[in-house]
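Numbering (this note's numbering), first residue to last: 40 to 348.
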């Protein structure tokens, strides 16, 4: 298919001469400038090749052509001179929010050219970020700007992904990172957690299961606290859901996350005077109570507290 295109604009908007080597434009349509060109002249030139005036406006490239261009460009390195020329051409050019959004969406997930590339093969491997750059990046990905802000449960792309399949598998946190993470989240609910207010107790809990257990313990008259104690397990901290009768640690567990089993074992190893109990899904514990038997919790707590002396 042949596309009608306009002839290149070979004259300078400032003086009409056409023997200048400096050009501004894309593809076949170019604007030439001399040293006398004003900002107004340059803006005029920009308008002549932008938006609906661009020779490629409305043209959709076939998938075969895209693949051919991609294959031809794969592994190609631009010269320093070419990069500088592209940079000068784009200097001062502002991209609309809509265009930025389209570019961002086109580079998400497996569409990103560096998707799945890790270690020394990644172009940013070994790159050291300044504190200012880290702060800017952190702010740009915080709160509502986070890629998965508000996405929870089965809708989250990492839901149910464990072991070697998890993106963070094998990643080792430095002591400084662990300390910062612990301080940042101390006393807060986990990101994306749905807060539930239990009217009977006034507690703000993290799930419907915790709310039900909170009500069961309250109605039974058992002495207990909700998230009343945080345990230091060395490289991490652990705040169980309930502390009953000062000696029985109760964790209400539905979905099991990576590291939950290790936390349970470490708690039992480092706190011999406490009895660790799990209600719901199975984790290493001194006593497990399946969810269907949750109404028996107060009775079991009293027995465990008495046996522990």
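In this text, a Cβ means the ideal position worked out from N, Cα and C, and glycines have one as well. For clarity, every value in this text was computed on a predicted model and none was experimentally measured.
query                                                                                                                                                                       : result
Can you tell me whether residue 279 is buried or exposed, with buried defined as 16 or more other CB within 10 angstroms of its CB?                                         : buried
Just reading off the alpha helix (DSSP H) that residue 247 is part of, what are its end residues?                                                                           : 247 to 259
How should residue 166 be labelled, buried or exposed, when 16 other C-beta atoms within 10 angstroms of its C-beta is the threshold for buried?                            : exposed
Would DSSP call residue 273 helix, strand or coil?                                                                                                                          : coil
Apply the 10 Å Cβ neighbour rule to residue 117 and answer buried if 16 or more other Cβ atoms are within range, or exposed otherwise.                                      : exposed
Opposite residue 328 in the DSSP bridges: which residues?                                                                                                                   : 318
Taking just the CA atoms, how far does residue 177 sit from residue 171?                                                                                                    : 10 Å
Verify whether the separation of the beta carbon atoms of residue 307 and residue 315 is less than 8 Å.                                                                     : yes
Just checking, does the stretch 245 to 258 make contact with the stretch 320 to 336 on the three C-beta pairs under 8 Å criterion?                                          : yes
At the level of alpha carbons, what is the spacing between residue 137 and residue 146?                                                                                     : 15 Å
Would residue 277 and residue 270 qualify as a contact pair, given that the criterion is a beta-carbon distance under 8 Å?                                                  : yes
For residue 108, is the classification buried or exposed, using 16 other Cβ atoms within 10 angstroms of its Cβ as the cut-off for buried?                                  : exposed
On the DSSP letters alone, give me the boundaries of the alpha helix (DSSP H) that residue 171 sits inside.                                                                 : 170 to 179
Compare the Cα-Cα distances from residue 261 to each of 342, 189 and 313 and report the closest residue.                                                                    : 342
Under 8 Å, do residue 201 and residue 297 count as touching if we go by C-beta distance?                                                                                    : yes
I'd like the list of long-range same chain contacts for residue 242, defined as Cβ closer than 6 Å, with 5 residues on each side in sequence excluded.                      : 253 and 265
Excluding five sequence neighbours on each side, which residues of the same chain lie with their C-beta closer than 7 Å to the C-beta of residue 199?                       : none
How about residue 340 and residue 284: do their beta carbons lie closer than 8 Å?                                                                                           : yes
What residue does the beta strand (DSSP E) around residue 141 start on, and which one ends it?                                                                              : From DSSP, residue 141 is part of no beta strand (DSSP E) but of the alpha helix (DSSP H) over 136 to 145.
Starting from residue 156, follow the alpha helix (DSSP H) in both directions and report where the run begins and ends.                                                     : No alpha helix (DSSP H) holds residue 156; DSSP gives it neither H nor E.
So for residue 290, helix, strand or coil by DSSP?                                                                                                                          : strand
Can you look up residue 211 in the DSSP assignment and give me helix, strand or coil?                                                                                       : coil
Measure the C-alpha to C-alpha separation of residue 303 and residue 324 and round it to an integer number of angstroms.                                                    : 7 Å
DSSP three-state label for residue 244, please.                                                                                                                             : strand
Can residue 320 and residue 295 be called in contact, C-beta distance under 8 Å?                                                                                            : yes
DSSP has residue 264 in a bridge; who is on the other side?                                                                                                                 : 282
Assuming residue 255 contacts residue 334 under a Cβ cut-off of 8 Å, what Cβ separation, rounded to an integer in Å, is found between them?                                 : 7 Å
Could you have a look at residue 343 and say whether DSSP puts it in helix, strand or coil?                                                                                 : helix
Just to confirm my understanding: we take residue 310, look at its own chain, exclude 5 residues before and 5 after, and list those with CB closer than 7 Å. What are they? : 270
Whole angstroms are fine: how far does the CA of residue 205 sit from the CA of residue 142?                                                                                : 27 Å
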